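J.: Quick one: the structure is below, and I'll ask about it shortly.
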Amino acid sequence: MTIEDTKKYGFPMLEAVADAAARQIPPLWPLASSVAVNPFLGQKTGTLAETGALLSRIGGVRVTMPRAWYRERLVSGEITDADLAAALASCSDTGKPADLAALKAMASETAAEVPPLPTIADLAAEVEGRDWPALLAERFGVWAAGYFDRGQALWAAPRGNSAWAAFRSFAAYDLTPEIIGLKGFARLVSEAPDRPMAAIARAVERLGLSEAALPTCFHQLLFSLGGWAQHARYELWQAELAGGKNRTIIDLLAVRLLWEEALYIQYEASILEKWKQVRAIHETPARPGESAVVDAILQEAAERAAQRRLSRTLAATPASEVSAVRPVLQAAFCIDVRSEVFRRALESVDPAIRTLGFAGFFGVSVKHRGFASDVDELRLPVLLNPAAHSCSGDEGNRAMDLAARYAARSKRAWGRFKLAAVSSFAFVEATGPVYAVKLVRDALGFHAAAPAGDPAPRFEPALDTGTKIKLAETVLRAMSLTDGFARIILLAGHGASVVNNPFASGLQCGACGGHSGEVNARLLAQLLNETEVRDGLALRGIAIPEDTLFVAALHDTTTDEVTLYDNGCAAKTHRAELGQIRAWLAKAGRMVRAERALRLPHAANAGMIGKRARDWAEVRPEWALAGCNAFIAAPRGHTAGRNLEGRAFLHDYDWHQDAKNGFSVLELILTAPVVVASWISLQYYGSTVAPDTFGAGNKLLHNVAGGIGVLEGNGGMLRSGLPWQSVHDGEKYVHEPLRLSVCVNAPREAINGILDRHEEVRALFDNRWLHLFAMNEEGCLAWRYDGNLGWSACDMPSEIADAQQRDVA
Numbered sequence: 077m078t079i080e081d082t083k084k085y086g087f088p089m090l091e092a093v094a095d096a097a098a099r100q101i102p103p104l105w106p107l108a109s110s111v112a113v114n115p116f117l118g119q120k121t122g123t124l125a126e127t128g129a130l131l132s133r134i135g136g137v138r139v140t141m142p143r144a145w146y147r148e149r150l151v152s153g154e155i156t157d158a159d160l161a162a163a164l165a166s167c168s169d170t171g172k173p174a175d176l177a178a179l180k181a182m183a184s185e186t187a188a189e190v191p192p193l194p195t196i197a198d199l200a201a202e203v204e205g206r207d208w209p210a211l212l213a214e215r216f217g218v219w220a221a222g223y224f225d226r227g228q229a230l231w232a233a234p235r236g237n238s239a240w241a242a243f244r245s246f247a248a249y250d251l252t253p254e255i256i257g258l259k260g261f262a263r264l265v266s267e268a269p270d271r272p273m274a275a276i277a278r279a280v281e282r283l284g285l286s287e288a289a290l291p292t293c294f295h296q297l298l299f300s301l302g303g304w305a306q307h308a309r310y311e312l313w314q315a316e317l318a319g320g321k322n323r324t325i326i327d328l329l330a331v332r333l334l335w336e337e338a339l340y341i342q343y344e345a346s347i348l349e350k351w352k353q354v355r356a357i358h359e360t361p362a363r364p365g366e367s368a369v370v371d372a373i374l375q376e377a378a379e380r381a382a383q384r385r386l387s388r389t390l391a392a393t394p395a396s397e398v399s400a401v402r403p404v405l406q407a408a409f410c411i412d413v414r415s416e417v418f419r420r421a422l423e424s425v426d427p428a429i430r431t432l433g434f435a436g437f438f439g440v441s442v443k444h445r446g447f448a449s450d451v452d453e454l455r456l457p458v459l460l461n462p463a464a465h466s467c468s469g470d471e472g473n474r475a476m477d478l479a480a481r482y483a484a485r486s487k488r489a490w491g492r493f494k495l496a497a498v499s500s501f502a503f504v505e506a507t508g509p510v511y512a513v514k515l516v517r518d519a520l521g522f523h524a525a526a527p528a529g530d531p532a533p534r535f536e537p538a539l540d541t542g543t544k545i546k547l548a549e550t551v552l553r554a555m556s557l558t559d560g561f562a563r564i565i566l567l568a569g570h571g572a573s574v575v576n577n578p579f580a581s582g583l584q585c586g587a588c589g590g591h592s593g594e595v596n597a598r599l600l601a602q603l604l605n606e607t608e609v610r611d612g613l614a615l616r617g618i619a620i621p622e623d624t625l626f627v628a629a630l631h632d633t634t635t636d637e638v639t640l641y642d643n644g645c646a647a648k649t650h651r652a653e654l655g656q657i658r659a660w661l662a663k664a665g666r667m668v669r670a671e672r673a674l675r676l677p678h679a680a681n682a683g684m685i686g687k688r689a690r691d692w693a694e695v696r697p698e699w700a701l702a703g704c705n706a707f708i709a710a711p712r713g714h715t716a717g718r719n720l721e722g723r724a725f726l727h728d729y730d731w732h733q734d735a736k737n738g739f740s741v742l743e744l745i746l747t748a749p750v751v752v753a754s755w756i757s758l759q760y761y762g763s764t765v766a767p768d769t770f771g772a773g774n775k776l777l778h779n780v781a782g783g784i785g786v787l788e789g790n791g792g793m794l795r796s797g798l799p800w801q802s803v804h805d806g807e808k809y810v811h812e813p814l815r816l817s818v819c820v821n822a823p824r825e826a827i828n829g830i831l832d833r834h835e836e837v838r839a840l841f842d843n844r845w846l847h848l849f850a851m852n853e854e855g856c857l858a859w860r861y862d863g864n865l866g867w868s869a870c871d872m873p874s875e876i877a878d879a880q881q882r883d884v885a
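Using the working numbering, the first residue of the sequence shown is number 77, and each one after it goes up by one.
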């Protein structure tokens, strides 16, 4: 690289552009602790139409459903002219249709597919007919699977070097590209600069890229690496969360540019004119055309139709009023949409039951080590850092711990022996028949799916009394649970029991980092049962009755069975009630299974639900969060008795209590649970509208790569997002792709104050990645957020028009 090159493309400028491109890529968590991620995370400062224009340019990606999907709803009357007119009026994009008639005319047409801009690899493939993008994906995938491996490979690649250095070591001796026809590739790799930024600068110079062309060009090249770039983005996310740095994703950009450079050297004469045209487009901003704007308006209209249905449901008179009598049981569940179904069923079992909704980690953000394990599990939302450490068991469990470790090591050694090159074939011939019984038993689902049963967790090191009291107060106030305590309060985390499912952690609690929630629930229950903690809470205005007992539980969302972790701690005065509670939970579980059986394919009756959890051929053990479309932060009285069909995140919140503390709980809700829920909602949205890009593909074709993610087939780029079977039942979509409607029972002035302080959260609402509503005191949707801290009165159902006037502001 010459001095002139350095002057023209100074490293600081290239670093800034490369870093900005990296942040356009969403992170991908490993399979063992996967969490839902918003695939449009890097585009949250743009509108849906603007994002569509950008992603269409770099990847040919649609960000809305095909026009036929909207036309079906227009013909059926589900989307009305009023919905279309309101969506058109609210559209801020330029180039929108002049009026409703023009919008409907365009909606009746089929939108033309817009191909992405070609890369050098694409142009080279057109010239010679060799599929260079496929070769690139295959060879890059082979290297990346070894480099990023998390213990799956028998012979793992060393991780001591940077990704750039590791790739050069691999590619300098990989003759496959040259055998297929890419001449001089190994030499180009071996002679590449040691510093990735120098390699990027050299490639930029050779490809003739101007500074204006770099942002979308760099974004496109990283985007083309699929889940591998997303996993590198995850490593950057984790490093920055811990206050550090990580340059892996920049190294991957250098690798991708090296491939472009090699192909350009070979095909420059044939592709130069087309490449000049591509560069010229890269130099211009990606702006949405009229067709993209119309698609975004149609999507908004579909969401307004769903919001009308939600409004009617909330306005309906509940089946029964909440009794003022002290409840026998209060059950706190995760805000997860699957909990809504169980809460509704449990409350219908007996009027002495109340339920609450709160983030499933119960405010206990810990780095946890399970029993007989040295693996640190981050059981907390991915937006947070752990505030404490915990482990399962104590000194009394030392012998059990040691025995379990020996057993695990023997199992791992035996497994590696089975797969080793020198023994695999002989092993199958000699001992294969021994596994016949196990294979038959597992295939028929006769094995049991045991609930999490580690010894009770504990804080390690133990928390001091002051810290415990502060934690308990923070959690109880965030739950709006400061008085009216029942005799028994259940803290129910949730998890899922499935077999042969690489996506198992995606069915667990997202608020617990892709793990089940019993550890957090058990830690909090122990803490709230301590006398010294209760004495400290009483001095802070939270008086818990002496006869109140906190009990941890685990709700299995696949079988809808609930396990209690009372550990024999219940006094005699509570044992009879705990027996009754178990009966209530069992009855509620039967009701939920009956409701869920109506939606799950091939579930002829409720009895089939449990078998799905044990069936290693089952691709749809449960629907997880499919169908989610609303987040409601309000007292339970505003949603109790109303069937929200397992589509709403429910967070208990009382703004009257919170106002005394400056709306700190509301600020926490809008900046944490709402953001996590938006990631979930938008992951389902992206996996539905653009399954080839933001979905993981067909489960039947998956192979796990490096313990990180899945390949669809035997190689290529890592897939991210949800499998097709998570959003489609084989005949129709089970997830309706709608951006989340956030409904908050709080004064608009308080909401605005929080949005004004948190620009990133405000961007989600201002750019319509989320819809925001303020509820009135009757629990109705009274005000719609229009952006820029402005609000307008909702068009409410006529039967509650009078209630609209009595809003909280």
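Note that beta-carbon positions come from the ideal geometry of N, C-alpha and C, so glycine has one too. Because the structure is a prediction, the values reported are computed rather than measured.
Return the chain-ordered list of same chain residues with a C-beta closer than 7 angstroms to the C-beta of Ala221, the five sequence neighbours on each side being excluded.
T.: Ala781 and Gly782
J.: Taking C-alpha atoms, which residue in Arg688, Gly128 and Ala183 lies nearest to Ala144?
T.: Looking at the Cα atoms, Ala183 is the closest of the given residues.
J.: Which parts of the segment 137 to 212 are runs of the alpha helix (DSSP H), unbroken and 4 residues or longer, counting only runs that do not cross its ends?
T.: 143 to 152, 157 to 166, 176 to 183 and 196 to 204
J.: Any idea if Phe635 is buried or exposed, counting beta-carbon neighbours within 10 angstroms, 16 or more meaning buried?
T.: A quick correction: the sequence has Thr, not Phe, at residue 635. In summary, Thr635 is buried, with 16 or more beta-carbon neighbours lying within 10 Å of its beta-carbon over all protein chains present.
J.: Looking at the structure shown, is Ala568 part of a helix, part of a strand, or coil, going by DSSP?
T.: Reduced to three states, the DSSP call for Ala568 is strand.
J.: Where DSSP assigns a beta bridge to Arg795, which residues make up the other side?
T.: Val786
J.: Could you check what DSSP says for Lys888 in three-state terms: helix, strand or coil?
T.: Residue 888 cannot be examined here, being either before or after the span of the chain that is shown, 77 to 885.
J.: Taking its Cβ as the centre, do 16 or more other Cβ atoms sit within 10 Å of Thr393, making it buried, or is it exposed?
T.: exposed
J.: Which residues share a DSSP beta bridge with Leu888?
T.: Within the shown structure, residues of the chain are numbered from 77 to 885, placing residue 888 beyond reach of any answer.
J.: Please return the same chain residues whose Cβ sits closer than 7 angstroms to the Cβ of Glu637, not counting the five positions on each side in sequence.
T.: Gly665
J.: List the whole-angstrom C-beta distance separating Trp859 from Arg824, where the pair is believed to meet the contact cut-off of C-beta under 8 angstroms.
T.: 6 angstroms
J.: Do the segment 809 to 822 and the segment 370 to 384 meet, that is, are 3 or more Cβ pairs less than 8 angstroms apart?
T.: yes
J.: Express the C-alpha separation of Gly612 and Gly303 in angstroms, rounding to a whole number.
T.: Approximately 49 angstroms between the Cα atoms of the pair.
J.: Select from Ala548, Val137 and Leu301 the residue whose C-alpha is nearest the C-alpha of Val218.
T.: When each option's Cα is compared against that of Val218, the closest is Leu301.
J.: Could you tell me which residues DSSP pairs with Val765 in its beta bridges?
T.: Note: Val765 sits in no beta bridge, so no partner.
J.: State yes or no: is the C-beta of Ile155 within less than 7 angstroms of the C-beta of Arg149?
T.: yes
J.: Below 7 angstroms CB to CB, which residues in the same chain sit around Ser556 once its five sequence neighbours on both sides are set aside?
T.: Asp728, Tyr729, Asp730 and Gln733
J.: Nearest CA to the CA of Pro364: which residue from Gly791, Ser132 and Gln342?
T.: Ser132
J.: To the nearest whole angstrom, what separates the beta carbons of Val803 and Leu846, a pair I think is in contact under 8 angstroms?
T.: Between Leu846 and Val803 the Cβ distance is about 20 angstroms, and since that is not below 8 angstroms, they are no contact.
J.: Taking contact to mean 3 or more Cβ pairs, one atom from each stretch, closer than 8 angstroms, check whether the segment 607 to 626 and the segment 119 to 138 are in contact.
T.: no
J.: Got a sec? Which residues, its chain only, sit under 6 angstroms from Leu583 by beta carbon, not counting five neighbours each side?
T.: Ala572 and Ala700
J.: Asp412 by DSSP, collapsed to three states: which one?
T.: The DSSP-derived three-state label of Asp412 is coil.
J.: Note down, in chain order, each residue of its chain lying with its Cβ closer than 8 angstroms to the Cβ of Leu630, except the 5 sequence neighbours on either side.
T.: Pro527, Ala528, Ala568, Gly569, His570, Gly571, Ser592, Gly593, Glu594, Ala597, Val638, Thr639 and Tyr641
J.: Using 8 angstroms for Cβ pairs, my map puts Leu599 next to Pro533. What's the rounded Cβ distance?
T.: That belief holds up - the Cβ atoms of Leu599 and Pro533 are roughly 5 angstroms apart, short of 8 angstroms.
J.: Can you grab the Cα-Cα spacing for the pair Glu337 / Glu202, in whole Å?
T.: 17 angstroms
J.: Between the Cα of Ser109 and those of Leu160, Gln314, Leu865 and Arg99, spot the shortest distance and give me the residue it belongs to.
T.: Gln314
J.: Find the nearest neighbour of Ile745 within the set Gln100, Arg206, Ala435 and Thr127, judged by alpha-carbon distance.
T.: Ala435
J.: Is it buried or exposed for Gly560, if we count other Cβ within 10 angstroms and need 16 for buried?
T.: exposed
J.: State the Cα-Cα distance for the pair Gln602 and Val551, rounded to the nearest angstrom.
T.: 14 angstroms
J.: Quick one, are the C-beta atoms of His307 and Ile756 less than 7 angstroms apart?
T.: no
J.: By how many angstroms is the C-alpha of Ala548 removed from the C-alpha of Val369?
T.: 49 angstroms
J.: Cα-Cα, which of Ala247, Ala174, Thr292 and Gly227 is closest to Ala94?
T.: Out of Ala247, Ala174, Thr292 and Gly227, Thr292 has the C-alpha closest to the C-alpha of Ala94.
J.: Express the C-alpha separation of Asn705 and Ala177 in angstroms, rounding to a whole number.
T.: 29 angstroms
J.: Can you tell me whether Gly217 sits near the ligand GTP, meaning its C-beta is under 6 angstroms from at least one heavy atom of the ligand?
T.: Among the ligands in the structure shown, none appear at all, so the ligand GTP cannot be discussed.
J.: Under the DSSP definition of a beta bridge, which residues are partnered with His591?
T.: Cys585
J.: Give me the DSSP bridge partner(s) of Gly260.
T.: For Gly260, which the question treats as bridged, DSSP gives no partner whatsoever.
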